[in-house]
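Mapping of the sequence shown onto our numbering: residues 21 to 105, in sequence order. No residue lacks a Cβ here, since even glycine has one placed at the ideal position from N, Cα and C.
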Amino acid sequence: MNEEVLKFPCDYPIKVMGKTDSDVEKNVLAIVKQHFPEFNSEIEKRLSRDDNYVALTITVHATSRQQLEEIYMALTQCKDVLMTL
Numbered sequence: 021m022n023e024e025v026l027k028f029p030c031d032y033p034i035k036v037m038g039k040t041d042s043d044v045e046k047n048v049l050a051i052v053k054q055h056f057p058e059f060n061s062e063i064e065k066r067l068s069r070d071d072n073y074v075a076l077t078i079t080v081h082a083t084s085r086q087q088l089e090e091i092y093m094a095l096t097q098c099k100d101v102l103m104t105l
């Protein structure tokens, strides 16, 4: 059986990790706005214990699985992004 777990449209949190000494937050926001032009929510930000890394959580309103796949591809191609979840 191939049932879709997510029901679209839905709010979907995207987690991104990068180094704090990079432009990861600015670049991630630019990528999010390319794929979700209506995005105007805050980005939740957490620093690692030693402040070398930053974890960002961005909640987007996704309308399809393809839309999520496209943003994940764009995020993983960004040189400042170390990991996406």
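Residue 37 and residue 103: beta carbons closer than 7 Å? yes
My guess is that residue 26 and residue 45 are in contact by the Cβ rule of under 8 Å, so how many angstroms apart are they, rounded? Actually they are not in contact, since the Cβ atoms of residue 26 and residue 45 sit about 26 Å apart, beyond 8 Å.
Where residue 35 sits in the DSSP three-state scheme: strand
Where do the ends of the alpha helix (DSSP H) carrying residue 85 lie? 85-97
Nearest-angstrom Cβ-Cβ length linking residue 28 and residue 84, presumed shorter than 8 Å: 5 Å
Our contact map puts residue 78 next to residue 101 with C-beta atoms below 8 Å; I'd like the distance itself, whole angstroms only. The Cβ separation is near 12 Å, so there is no contact.
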